[in-house]
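Scroll down for the structure; my scribbles are underneath it.
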Amino acid sequence: MRWRILLGPVFLLLLWWTVTATGLIRPLFLPSPWQVLTALSDLTVKGPLLQDAGATLYRTGAAFCLAAVIGLIIGVPLGVWKGLYESLEVVLDFFRSMPSPALIPLAMLLLGLGDLSRIAVAAFTCSLVNAIQAAYAVHSVPRHRVLAARLAGAKGTFLLTHVLMPSVLPGVVAGWRITLSLALIIVVVSEMFIGTRTGLGMRIYDYHLMFRSADMYAAIFIVGMTGYILNKALEVTEGHLVHWTGK
Amino acid sequence: MAITLQGIEKKFPTKASAAWTPVLDHVDLAVPDGRIVALFGPNGCGKTTILSIISGIEAPDAGTVSVTANGSERPKVGFAFQNFRDVLLPWQSALDNVAFGLCARGLPRAEARQRAISFLDEQGFAIPRGNYAYQLSVGQQQLVALARVLLPNPANVLLDEPFSALDHDARLRMRDVTISTLGKAGAAIVFVSHDVDEALYVSDELYLLSKRPARILRRFAVPFQRPRHYDLLTTAEFADLRRQIIGAFLAEVAT
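Going down the list, the protein sequences come from chains A and B.
Residue 222 is where the first sequence starts when you use my numbering, and the numbers rise one by one after that.
Residue 12 is where the second sequence starts when you use my numbering, and the numbers rise one by one after that.
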């Protein structure tokens, strides 16, 4: 058991408890751990937080999956044809570099105030990241691996499924690692905009407006846990799915 | 003649300028079935380019290439690349990497594996077969890459420093294994090595290449009887031939 991994959280908790118990920080800004814990259990058991987490997860998941598919469809041709990549490089880099919450009002104007606009913004940005990752992955398949496979007689579908796809997969999955976090970030931010009555982002902002500090911290904690669990789950999946990454 | 090159010219674009650097300057090469030709020359002179042209990976700017296979069932060309680590598939076991060529040519996986196992057993390849390619030592990876080339019994074989990562013992053994398996099958072989002893031990004929752009400076017949033994390296005839080649090589490098 790697018991040391507990040291960080325990230390943080102690620090938190100390600064609140001694009155160093006022409860409005930072409630005590016990207040937050109580709020957390109340809001998850009787309150809306689980439902909110569900809504946020649904939007994140939808954006993530859409982006995974679209990214691959755009990214593979970009990796194969250098000219195409050069033609689109500026456009791709521009939108990838743009802080995507800037697009949320525009998306709402075009697609309405519902889930669609939130999912669309997250999926759009994540698609670009996935596309660039996939293009790099295709581009960096070792040249001699393909040459040797062809000389050995591999062609067509066999070459694709037995050589090219497994060569590209680690890079594609690396894109998923980035976009899973990114999708969650964009979705949570988008929920702070007008137009939804569910979602962790909306709930955090709501509690903030009502000065319900302990409740706000509880909602923030749930967002943090959601991101952490998603990342860990994908990390484990990656280890099994593409164990040859970086080898 | 299994492999014939005539008057091959090749230029590559230079990185810095728009100029083209000549790499091969009128190279002629002839390898009959069942013979081994060694290419020996200074670093970066274009030996690997010659192999690339024979294999069809690169097209010559001028000259003719002819590569024929006796037996339509066999792969026409087997190529053991210098950077064998790129060639191996890291998601496959050592055994599946060895069997790759057979699978690629349509053999069912189970049968391909079976033949790979028999081959490795017969030829005494010491490889942990269940390990993934990236779990092998560099030397083991080179053995896997070599076995992958040899197993489908190609009609023409290009070996680019095929033993460079092996320890002394494995190197000696693999020379004999390679010669005997390919010799039995009557393959035409082009062998590139930086080690003149190795090139002589293996080959029937040695081509000494010039500095870049590579020309054939001289062809040396290597008349020693087969099967050869390591003792060959201590004979006077061997030492004499070696001296001639090294002399010609040093004269070229010095200019």
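Every residue gets a Cβ at the ideal spot worked out from N, C-alpha and C, and that includes glycine.
No experiment lies behind these values; they were computed from the predicted model shown.
Continuous beta strand (DSSP E) assignments of at least 3 residues falling wholly in the region 35-69 of chain B: 47-51
Extent of the continuous beta strand (DSSP E) run through residue 24 of chain B: 14-24
Cβ pair count under 8 Å reaching 3, the region 439-452 of chain A against the region 316-327 of chain A: no
Endpoints, beta strand (DSSP E) assigned at residue 345 of chain A: Careful: residue 345 of chain A lies outside any beta strand (DSSP E), inside the alpha helix (DSSP H) at 336-360.
Residue from A:254, A:394 and A:289 with nearest C-alpha to residue 439 of chain A: A:254
Stretch-stretch touch, CB-based, cutoff 8 Å, three pairs: the region 257-268 of chain A with the region 322-334 of chain A: Contact between the region 257-268 of chain A and the region 322-334 of chain A is absent, with fewer than three C-beta pairs closer than 8 Å.
beta-carbon residue 258 of chain B near the ligand GDP non-hydrogen atom, thresh 8 Å: In the structure shown, the ligand GDP is absent, as is every other ligand, since no ligand is present at all.
Cβ pair count under 8 Å reaching 3, the region 394-410 of chain A against the region 280-287 of chain A: yes
Residue 68 of chain B at chain A interface by Cβ criterion, 9 Å: yes
Inter-residue Cα distance where the pair is residue 375 of chain A and residue 336 of chain A: 46 Å
Beta carbon of residue 274 of chain A nearer than 9 Å to that of residue 344 of chain A: No.
Which of helix, strand or coil DSSP assigns to residue 171 of chain B: Here residue 171 of chain B sits in strand by DSSP.
Neighbour list for residue 374 of chain A in chain B, Cβ cutoff strictly below 7 Å: 86, 112, 115 and 116
DSSP state of residue 233 of chain B mapped onto helix, strand, coil: Correct three-state label for residue 233 of chain B: coil.
Endpoints, beta strand (DSSP E) assigned at residue 90 of chain B: 88-91
Residue of B:210, B:18 and B:67 minimising C-alpha distance to residue 37 of chain B: B:18
Residues, ordered as in the chain, of the region 354-368 of chain A that lie near chain B by beta-carbon distance below 9 Å: Taking 9 Å as the Cβ-Cβ cut-off against chain B, the residues of the region 354-368 of chain A that qualify are 363, 364, 365, 366 and 368.
Close beta carbons around residue 390 of chain A, own chain, < 7 Å, minus the five adjacent residues each side: 463
Inter-residue CB distance, residue 160 of chain B and residue 231 of chain B (contact presumed, cutoff 8 Å): No, residue 160 of chain B and residue 231 of chain B are not in contact; Cβ-Cβ is about 26 Å, not under 8 Å.
Contact belief for residue 52 of chain B with residue 220 of chain B at Cβ below 8 Å, rounded distance in angstroms: 3 Å
Short Cβ contact (9 Å threshold) for residue 172 of chain B with residue 204 of chain B: yes
Short CB-CB distance (under 9 Å) between residue 163 of chain B and chain A: yes
Among A:465, A:340, A:223 and A:297, the one whose alpha carbon lies nearest that of residue 355 of chain A: Among A:465, A:340, A:223 and A:297, the Cα nearest to that of residue 355 of chain A is on A:297.
Amino acids of chain A, ordered along the chain, whose beta-carbon sits closer than 8 Å to that of residue 92 of chain B: Ordered by position in chain A, the residues that pass the 8 Å Cβ test against residue 92 of chain B are 365, 368 and 369.
Residues of the region 256-285 of chain A whose Cβ lies closer than 7 Å to any Cβ of chain B, in chain order: none
DSSP bridge partner residues for residue 397 of chain A (one or two, in chain order): DSSP, once it has assigned bridges, lists no residue as partnering residue 397 of chain A.
Residue of A:295, A:377 and A:422 minimising C-alpha distance to residue 346 of chain A: A:295
Helix, strand or coil at residue 281 of chain A according to DSSP, with G and I counted as helix: helix
Integer-rounded CB distance, given that residue 465 of chain A should sit under 8 Å from residue 86 of chain B: No, residue 86 of chain B and residue 465 of chain A are not in contact; Cβ-Cβ is about 26 Å, not under 8 Å.
Alpha carbon of residue 358 of chain A to alpha carbon of residue 467 of chain A, nearest angstrom: 12 Å
First through last residue of the beta strand (DSSP E) which encompasses residue 202 of chain B: 199-203
CB of residue 264 of chain B within 9 Å of CB of residue 222 of chain B, strictly: yes
Contacts around residue 241 of chain B, its chain only, beta-carbon distance under 7 Å, and the 5 residues preceding and following it disregarded: 183
Proximity of residue 42 of chain B and residue 201 of chain B at Cβ, strictly below 9 Å: yes
Residue 251 of chain A (DSSP reduced to helix, strand or coil): coil
CB contact below 9 Å: residue 143 of chain B versus chain A: Interface residue, yes.
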